[in-house]
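Going by the numbering used here, the sequence shown opens with residue 84, and the numbers climb by one from there.
Even for Gly, the Cβ is constructed at its ideal location relative to N, Cα and C.
A short write-up of the structure that comes next.
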Amino acid sequence: MGRGRLLSFTTIRVPPARFRGQEPYDIAVIDLEEGLRVTARLKVPIGREAAIGDSVVFEGLVEEGPLYRLV
């Protein structure tokens, strides 16, 4: 679950009740180097924009699940 590439992503601006107060946040579908595909939260640094094919790295587990960040 270390490194991968963005296959798809979106920004959630109107979340379900459970995630209210966390918006906006990004969710991504990531193709991992290990051959798996996962859906995870995506951390995009300030001043950057995500693009399909961008490299990501596993940052850790949060309450909502796995968290990846742009490299």
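Just the C-alpha distance for residue i and residue j, rounded to the nearest angstrom, thanks.
| i | j | result |
| --- | --- | --- |
| L153 | E142 | 10 Å |
| R131 | Q105 | 19 Å |
| P128 | Y151 | 11 Å |
Could you spell out where the beta strand (DSSP E) holding residue i opens and where it closes?
| i | result |
| --- | --- |
| R124 | 120-126 |
| E142 | 138-145 |
By a C-beta neighbour count over all protein chains shown, 10 Å radius and 16 as the cutoff for buried, is residue i buried or exposed?
| i | result |
| --- | --- |
| F92 | buried |
| L156 | As shown, the chain starts at 84 and ends at 154. That puts residue 156 outside it, with no answer to give. |
| L89 | buried |
| V139 | buried |
So residue i and residue j are supposed to be a Cβ contact under 8 Å. How far apart are they, rounded?
| i | j | result |
| --- | --- | --- |
| G87 | D114 | 5 Å |
| A111 | A123 | 6 Å |
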